[in-house]
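Residue numbers (the numbering used here), protein chains in the order written: chain W, 25 to 174; chain C, 25 to 174. Backbone N, C-alpha and C define an ideal beta-carbon position, used for all residues, glycine too. A short worksheet on the structure shown next.
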DNA sequence: TCCTTTGAGTTCCTTGAGGGAACGCTAACA
DNA sequence: TGTTAGCGTTCCCTCAAGGAACTCAAAGGA
């Protein structure tokens, strides 16, 4: 099915979706983040079609969020997050916080996150990079930026 | 178009994707967030197929992130974010921060965000809800939670 | 009274992406 | 000389996205 190309839009959300917005891509990044690094591991853990997994991995490599590198003399490869990719995990962490709060139900969250700095089970909050106070959907005004469309 | 159903997975990322992971859904939420609230506005601004827009809006309403309500005696409706939906915008704000940093290029970010609390152009940071210190991909340990799969 | 306009979808056809199973390729190892 | 393990390719089928045309309801004008 022909899909619309988001990469040309003058919108950072659309551009980010062009990198990791296709089906399965966030879950592939999650798996690589938590330590599944090889093709067979990813395929088995996710239950994704091998064809689609190949396409997604290539796409993520092309955009520099993961890196493909050999781990053996034999033709064996593993995928690891780049710095760019590790920052993209921020998006996943916020999805976790939202899903834990709104979708986990009676059973509670499937995974807990312990923060190294304080040792507590916690989750992420969004704060202003400038003043450190909370920064949520209603706390900002939008202004046209230098890269705005004509 | 994800033919695989993510909603049953024991993963808050997969469940969140089930709500807003389909193509266009994040951009629809963005538009509603910034003030496009009507069917015609959304269709014109996004250039999305009317059929898909209808499907996505219904899906988002079913999951309680937006609300459909009449704004006229005539059969006219507008879509607005619920509380649940406003919190989902957190995910978009982090996509903005990442896209602005890694994909904006020479031109710079297309949109600037001014924080009400401090009045500065800024972006979001991820901090620990417990101790307030930075909380990024490498700053946490994962533990099985109460809702973990058997 | 009839015609037109507007907003909000709905229908229908075409194309191409995802699912899934089978196949291929390479290098070590028994 | 098989056999195995890891990593993809190829192929076919189904169904979802694109896109244009169509419908419907209510208001406003001629």
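- The beta carbons of residue 37/W and residue 51/C sit closer together than 8 angstroms.
- Residue 103/C and residue 172/C have their C-alpha atoms roughly 35 angstroms apart.
- Interface residue (Cβ-Cβ distance to chain C less than 8 angstroms): residue 137/W is classified as such.
- Beta-carbon to beta-carbon, residue 39/W and residue 33/W are separated by about 7 angstroms, close enough to satisfy the 8 angstroms threshold.
- Among the residues facing chain W, residue 157/C is included, as its CB has a counterpart in that chain under 8 angstroms away.
- Using a 10 angstroms sphere on the CB of residue 151/C, the tally of other CB atoms reaches 16 or more, which defines it as buried.
- Close to residue 94/W, with beta-carbon spacing below 8 angstroms, lies no residue of chain C; the smallest spacing is near 24 angstroms.
- The Cβ of residue 102/W sits no closer than 8 angstroms to any Cβ of chain C.
- Contact check between the stretch 128-142 of chain W and the stretch 118-129 of chain C: fewer than three CB pairs, one atom from each, fall below 8 angstroms, which does not count as touching.
- When CB distances to chain W are screened at a threshold of 7 angstroms, the residues of the stretch 112-133 of chain C falling below it are 112, 113, 114, 115, 116, 117, 118, 119, 120, 122, 123, 124, 126, 127, 128, 131, 132 and 133, in chain order.
- If only complete runs of 3 or more residues are kept, the stretch 40-122 of chain W shows the beta strand (DSSP E) at 90-94 and 101-105, in order along the chain.
- Residue 135/C sits close to residue 166/W, with the two beta carbons spaced by under 8 angstroms.
- Per DSSP, reduced to three states, the secondary structure at residue 29/W is coil, with no helix or strand assignment.
- Taking all protein chains in view, the Cβ of residue 58/C is surrounded by fewer than 16 other Cβ atoms within 10 Å, so the residue is classified as exposed.
- For residue 149/W and residue 112/W, the gap between their C-alpha atoms comes out near 16 angstroms.
- Contact with chain W is found for residue 154/C, since one of that chain's Cβ atoms lies less than 8 angstroms from the residue's Cβ.
- The beta-carbon distance between residue 89/W and residue 106/W, rounded to whole angstroms, is 6 angstroms. This is short enough to meet the 8 angstroms contact definition.
- Membership of residue 150/W in the beta strand (DSSP E) is indicated by the continuous run 148-152.
- The continuous beta strand (DSSP E) containing residue 164/C extends over residues 164-168.
- In this structure, the CA atom of residue 55/W is about 29 angstroms from the CA atom of residue 129/C.
- Considering only 66/C, 63/C, 131/C and 119/C, the residue with the shortest C-alpha distance to residue 43/W is 119/C.
- The alpha carbon of residue 146/C has as its nearest neighbour, out of 73/W, 131/W, 163/W and 96/W, the alpha carbon of 163/W.
- Straight through space, the alpha carbons of residue 155/C and residue 87/W are spaced by roughly 34 angstroms.
- Within the stretch 56-74 of chain C, the residues whose Cβ lies closer than 8 angstroms to some Cβ of chain W are 57, 58, 71 and 72, listed in chain order.
- Using beta-carbon distances, residue 164/W counts as an interface residue toward chain C, with a partner under 8 angstroms.
- The beta carbon of residue 106/W sits no closer than 8 angstroms to any beta carbon of chain C.
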